[in-house]
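S.K.:
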Amino acid sequence: MKLVQFKSLKQQMLVSIIMLIVLICLGLSLISIIVSKQSIIKTANKTLPEVAKQAASTVESGIQEELKVLELLATNPILSDEKIAIEQKMQVLKEEVKRSNHIDMTLVDVNGNALNTSGNKFNIKEQEHFKKALGGVSNVSNPMISKNNGKLIVLYDVPIKKNGNVIGVINAVRSGDELSSYTKPIKLGVTGQTYMLSTEGTLIADNNSELVLSQNNNIKNLEKDPSLNDVVDIEKKMIAGETGVGRFVKNGIEEYVGYAPIKTAGWSIATVIESSELLGELNKLNISIGIVSIIFLALGTLLAYVISSSISKPINASVNELSLIADGDLTGTIPDKLLNRKDEIGKMVKAIDTMKHSILSMLDDIKISSININDQTEQLHIVSKELMASSENISIATSDVAKGNTEQAGDLIDITQIVEAFSSKLDEMTTLIKDVDKNTTNIKDMADSSSVDMDNVVNSVKNVNEAFKDLINKTQNVEINVVKINEITNLINSISEQTNLLALNAAIEAARAGESGRGFSVVADEIRKLAEQSKASSINISKIVMEISKDTDLMVKTTNTVNEEINTQEGSISTAIKSFELITDAVKEITPKMDAATSSVIELNVSKETILEKVEGASGIAQEVSASSEEIAASTGEMGQSAKNIADSLNNLTDSSQKLMDNVNRFKM
1 MKLVQFKSLK QQMLVSIIML IVLICLGLSL ISIIVSKQSI IKTANKTLPE
51 VAKQAASTVE SGIQEELKVL ELLATNPILS DEKIAIEQKM QVLKEEVKRS
101 NHIDMTLVDV NGNALNTSGN KFNIKEQEHF KKALGGVSNV SNPMISKNNG
151 KLIVLYDVPI KKNGNVIGVI NAVRSGDELS SYTKPIKLGV TGQTYMLSTE
201 GTLIADNNSE LVLSQNNNIK NLEKDPSLND VVDIEKKMIA GETGVGRFVK
251 NGIEEYVGYA PIKTAGWSIA TVIESSELLG ELNKLNISIG IVSIIFLALG
301 TLLAYVISSS ISKPINASVN ELSLIADGDL TGTIPDKLLN RKDEIGKMVK
351 AIDTMKHSIL SMLDDIKISS ININDQTEQL HIVSKELMAS SENISIATSD
401 VAKGNTEQAG DLIDITQIVE AFSSKLDEMT TLIKDVDKNT TNIKDMADSS
451 SVDMDNVVNS VKNVNEAFKD LINKTQNVEI NVVKINEITN LINSISEQTN
501 LLALNAAIEA ARAGESGRGF SVVADEIRKL AEQSKASSIN ISKIVMEISK
551 DTDLMVKTTN TVNEEINTQE GSISTAIKSF ELITDAVKEI TPKMDAATSS
601 VIELNVSKET ILEKVEGASG IAQEVSASSE EIAASTGEMG QSAKNIADSL
651 NNLTDSSQKL MDNVNRFKM
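Residue 1 is where the sequence shown starts when you use full-length UniProt numbering, and the numbers rise one by one after that.
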């Protein structure tokens with residue numbers, strides 16, 4: 001069975017209260033009807049037998065009165081004196097017939113020989129009513145049909161006594177309709193009536209004279225009509241001399257009957273009333289109860305409407321407020337009269353108001369945090385751009401250094417060749433001193449050429465030295481920027497953790513709000529996810545910054561090494577230049593100083609060896625500088641890629657922060 005779905009709490013309460021009132025009215029009405037019916041039936045059970053008893057008493061009084069009159073007549077000496085002629089006795093009886101309105105009277109001797117006032121003679125020796133009278137008991141017979149006229153008659157018999165002995169019987173015949181005259185006046189209501197049964201169960205008095213004349217006997221009729229079973233059960237109790245009450249259905253009509261015995265005659269009298277009339281007042285009571293129930297139902301409905309309205313109105317107001325909160329509108333206000341209530345509704349409204357202010361507070365905190373994240377992100381964008389620019393400058397400088405190193409390596413190869421040629425010349429000079437003059441001019445030219453080359457080397461070394469100084473400055477700037485980025489990422493981590501904590505608190509508050517806070521729970525969950533994404537991005541940035549920091553440290557160490565090697569190379573080149581200057585001076589003075597040629601050649605040979613070692617050292621340094629330049633270029637490329645990764649992460653962080661702000665801006669505050 002599907003339960004009825006109500007559209008509103010007011011409707012549900014109204015229907016429930018009305019149904020309760022209807023059930024109460026129906027229950028009370030049913031109880032009243034049942035109790036009233038039982039009371040009426042109980043009263044009837046007491047009243048009907050009493051009415052029957054009174055009717056029996058009336059009939060019995062009439063019978064007793066007739067018998068007493070006959071008994072008084074039986075004391076007439078004329079009737080008891082055997083010496084008086086029968087004619088005279090009959091005259092007494094005839095006079096009594098006229099006076100008492102008997103149909104007939106009969107004088108009977110002890111042998112049953114009878115003579116009535118009509119002059120008829122017969123014998124009633126075997127008749128029961130005669131035997132009782134002969135035994136000294138006055139009695140009345142069961143009504144019977146007269147053989148003379150076919151009418152119902154009743155026989156009254158009293159003994160005639162003389163000296164205490166029964167010497168005869170007086171018999172009076174009266175109309176059987178006289179019995180019905182006793183029952184007809186006895187009526188209960190409209191449908192009530194009274195009837196009498198003989199000792200055999202034959203109907204002897206009733207409103208329906210035809211039934212009496214036909215000597216209707218339900219006990220005998222039971223074989224033909226089984227529906228009389230309930231009636232017969234009651235009538236058997238009646239002829240048994242019992243007093244009581246019963247109920248039966250006859251001809252489709254339910255009737256209640258009270259009965260009592262007529263002891264003098266052995267008959268029984270019953271008072272009957274239809275159930276519809278007996279319970280007629282109950283119908284009026286039912287109508288009255290129905291009217292009263294309708295009145296109470298109307299009043300109850302009005303009261304239920306007032307009660308349901310007083311309860312549903314604040315609940316509807318709370319529902320509307322929750323709907324606004326669910327839609328993101330936190331600008332609504334709750335009336336003070338609801339907030340000031342002390343009942344459960346007031347507590348609910350206060351909880352909703354507290355939740356709304358808590359949400360407002362959390363949204364303000366989230367908004368401020370989002371603004372801070374945006375500001376920090378913009379700063380990181382600036383630092384990232386500076387880092388990328390620095391990386392590009394370092395890359396350009398590194399390329400210049402690599403190019404200078406390549407040129408320097410070529411120059412060093414040329415120097416090595418010159419030195420080797422010079423060494424050969426010195427060997428020849430030792431063995432061929434005579435050719436010194438001839439070769440002096442060549443030596444001078446070579447010395448001049450070497451001097452120019454050495455100047456070029458010096459200039460290249462200076463350029464390399466300046467480039468490396470610039471590289472060192474850029475590297476130091478990178479290291480400083482890396483530290484700043486690391487500080488910013490730590491700040492982002494702190495903000496992300498605070499945002500995540502705020503989102504968690506918001507989710508808890510939304511869960512406490514139940515179904516109404518589900519929308520905010522989704523928003524809080526999105527905020528928490530964005531905070532976790534921000535934290536993950538900041539962690540990724542921190543890792544990249546750590547790698548950049550390591551690469552920067554390596555680059556700083558490498559540039560320092562290269563700088564030291566360049567300084568050493570510059571000193572060696574300076575030494576070589578001085579040596580060439582000595583060679584030039586020696587060549588200029590070689591003619592006037594031929595005597596010192598041998599010693600000069602020896603010194604020159606020694607200088608040649610020194611120069612050769614220096615040139616080899618410079619060549620190795622040039623190769624190391626070239627390798628370091630390549631490493632710096634690679635590190636610079638990685639740093640550029642790291643800066644790009646930082647920029648991408650910052651873009652993601654900016655998008656996440658923007659989404660967070662969009663979600664917050666959904667709420668009206």
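We put the beta carbon where it would ideally sit given N, CA and C, even for glycine.
For clarity, every value in this text was computed on a predicted model and none was experimentally measured.
(1) Give, in chain order, every unbroken run of the alpha helix (DSSP H) that is at least 4 residues long and sits entirely within the stretch 306-375.
(2) Between which two residues does the beta strand (DSSP E) containing Q193 stretch?
(3) So L228 and N216 are in contact, right, with Cβ under 8 Å, and what is the actual spacing, rounded?
(4) I think D525 touches A513, with their Cβ atoms under 8 Å apart; what is that distance to the nearest whole Å?
(5) Taking DSSP's pairing of strands, which residues face M105 in a bridge?
(6) Please list the terminal residues of the continuous beta strand (DSSP E) segment that includes D157.
(7) Do the CB positions of C25 and F248 come within less than 8 Å of each other?
(8) Compute the Euclidean distance between the alpha carbons of I167 and I124, then round it to the nearest angstrom.
(9) Between which two residues does the alpha helix (DSSP H) holding N218 run?
(10) Could you name the residues of the same chain whose beta carbon sits closer than 8 Å to that of S358, not counting the 5 residues immediately before and after it, in chain order?
(11) Where does L20 land, buried or exposed, given buried means 16+ other C-beta within 10 angstroms?
(12) With three or more beta-carbon pairs closer than 8 Å as the criterion, would you say the stretch 116-136 touches the stretch 187-206?
(13) Which whole-angstrom value describes the C-beta separation of L322 and I352, a residue pair presumed to lie in contact below a C-beta threshold of 8 Å?
(14) Considering I262, what are the terminal residues of the beta strand (DSSP E) in which it resides?
(15) Which residue wins for smallest C-alpha separation from S318, given the options H129, L115 and I334?
(16) Using C-beta distances below 6 Å, list every residue in its chain close to I186, excluding the 5 sequence neighbours before and after it, in chain order.
(17) Check whether the Cβ atoms of V158 and L93 sit closer than 8 Å, and answer yes or no.
(18) Helix, strand or coil for G290? Go by DSSP, reduced to three states.
(19) Does the Cβ-Cβ distance between I273 and E254 come in under 8 Å?
(20) Measuring alpha carbon to alpha carbon, tell me which of P143, W267, N221 and A304 ends up nearest T199.
(21) Specify, as a first and last residue, the run of the beta strand (DSSP E) that S268 falls within.
(22) Report the residue ranges of all alpha helix (DSSP H) runs contained in full by the stretch 54-80; include only those spanning at least 4 residues, in chain order.
(23) Taking DSSP as the reference, what is the three-state secondary structure of T202?
(24) What is the rounded straight-line gap between the Cα of Q11 and the Cα of V306?
(25) How long is the line joining the alpha carbons of S32 and I291, rounded to whole angstroms?
(26) Pull up the CB-CB distance for S29 and S293, whole angstroms please, since I reckon it's below 8 Å.
(27) Let me confirm a value: F122 is counted as buried when at least 16 other C-beta atoms fall within 10 Å, else exposed. Which label applies?
(28) DSSP has G246 in a bridge; who is on the other side?
(29) Excluding five sequence neighbours on each side, which residues of the same chain lie with their C-beta closer than 8 Å to the C-beta of N493?
(30) Would K98 be called buried (16 or more neighbouring beta carbons within 10 Å of its own) or exposed?
(31) If P176 sits next to V232, beta carbons under 8 Å apart, how far is it from one beta carbon to the other, in whole angstroms?
(32) For K121, which of helix, strand or coil comes out of DSSP?
(33) By how many angstroms is the C-alpha of E428 removed from the C-alpha of L582?
(34) Do three or more CB pairs link the stretch 359-373 to the stretch 498-505 at distances below 8 Å?
(35) Please say whether L339 and K37 have beta carbons closer to each other than 8 Å?
(36) Indicate whether Y182 and A52 have their beta-carbon atoms separated by less than 8 Å.
M.R.: On the basis of the coordinates in this document:
(1) 336-339
(2) Q193 to L197
(3) At roughly 11 Å, the Cβ-Cβ gap does not stay under 8 Å, so L228 and N216 are not in contact.
(4) Contact flag wrong, Cβ pair sits at about 14 Å.
(5) A172
(6) L152 to K162
(7) no
(8) 15 Å
(9) N218 to N221
(10) E509
(11) exposed
(12) no
(13) 6 Å
(14) I253 to I262
(15) I334
(16) A55 and T194
(17) no
(18) helix
(19) no
(20) W267
(21) W267 to E274
(22) 77-80
(23) strand
(24) 12 Å
(25) 14 Å
(26) 6 Å
(27) exposed
(28) V257
(29) K535, S538, I539 and S542
(30) exposed
(31) Inspection of the sequence shows that residue 176 is occupied by Gly rather than by Pro. 23 Å between Cβ atoms; not a contact.
(32) strand
(33) 20 Å
(34) yes
(35) no
(36) no
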